[in-house]
Structures are given as C-alpha cells and as structure tokens.
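Participant: Counting from 6, one number per residue, gives the positions in the sequence shown under this note's numbering.
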Amino acid sequence: MTNSAQIPSSIDPSTQGLAPLSEWGLILVEGPDAATLLQSQLSNSVLGLKRTIAGEIAHGHDVRLVGYCNPKGRLLASAWLGLFPQSAESEDR
Numbered sequence: 006m007t008n009s010a011q012i013p014s015s016i017d018p019s020t021q022g023l024a025p026l027s028e029w030g031l032i033l034v035e036g037p038d039a040a041t042l043l044q045s046q047l048s049n050s051v052l053g054l055k056r057t058i059a060g061e062i063a064h065g066h067d068v069r070l071v072g073y074c075n076p077k078g079r080l081l082a083s084a085w086l087g088l089f090p091q092s093a094e095s096e097d098r
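Below, the structure is given as structure tokens:
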C-alpha cells in the first residue's frame with residue numbers, strides 16, 4: 006500500500022498524467038483506398054472520424070481504439086486510430 010510519505014513531492018506539475026510509450030509505434034496509412042482497407046481490417050469503424058489538426062489534442066470521438074485480429078478473431082495488435090491531415094487546408098490522407 007502506498008502512503009503519502011512514499012509519493013515523491015518533486016513531480017513536475019506540467020508532466021503529471023504523461024507516460025513514456027517507447028514501445029509504441031506510429032503507422033501512417035494514406036491514399037484513396039486507405040479508409041476502405043482499414044475498415045475491412047480493423048475491429049472498429051474508421052468512418053466518421055473527426056479531423057485533428059497538428060498541434061491539437063485528439064479526444065473523445067476524435068480517436069478510436071481499434072483491434073487487428075486474425076481470422077479466428079484473436080487479437081494480434083491494438084492501436085489508437087485518428088485522422089490527421091497534413092494541414093487544415095489539405096485533403097484527408
């Protein structure tokens with residue numbers, strides 16, 4: 006059990022709630038058939054995602070947790086999926 010004496014008081018308030026995710030990677034899928042491909046491969050819908058512009062924080066329905074499963078339905082990988090255009094004026098990737 007943790008008590009207040011064991012909790013360090015030198016935590017930087019600007020980093021509270023953040024955790025390093027060094028084992029995570031980033032995959033960028035783009036092209037005219039990207040949504041169709043992902044829709045058929047992942048466990049959650051990719052349609053209707055809201056755009057998140059660089060510098061903004063994606064939250065709520067802006068991102069979705071998805072799973073990639075084998076033909077038997079066993080989970081092989083999980084990921085957070087978002088729609089991130091190159092700029093506010095550009096087309097969706």
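Built from N, CA and C at the ideal position, the CB exists for glycine as well. This one's a predicted model, so the numbers in the text were calculated from it and none came from an experiment.
1) Could you check whether the stretch 43–55 touches the stretch 68–80, counting it as contact only if at least three pairs of C-beta atoms, one from each stretch, sit closer than 8 Å?
2) Whose C-beta lies closer than 7 Å to the C-beta of glycine 87 among residues of the same chain, with five residues either side of it excluded?
3) Can you find a CB in chain D that lies within less than 8 Å of the CB of aspartate 38?
4) Hey, would you say leucine 52 sits closer than 8 Å to alanine 40, going by beta carbons?
5) Compare the C-alpha of cysteine 43 against each of Trp85, Leu23, Gln91 and name the closest.
6) Does DSSP classify leucine 88 as helix, strand or coil?
Facilitator: Walking through what the data contain:
1) Touching, yes.
2) Taken in chain order, the residues that qualify are Leu54, Thr57, Ala63, Asp67, Val68.
3) Here there is only one protein chain, and chain D is not present.
4) Cβ distance < 8 Å, so leucine 52 and alanine 40 count as in contact.
5) Here the sequence assigns leucine to residue 43, which means cysteine is not the residue at that position. Selected option, being the one with the closest Cα: Trp85.
6) Three-state result, leucine 88: strand.
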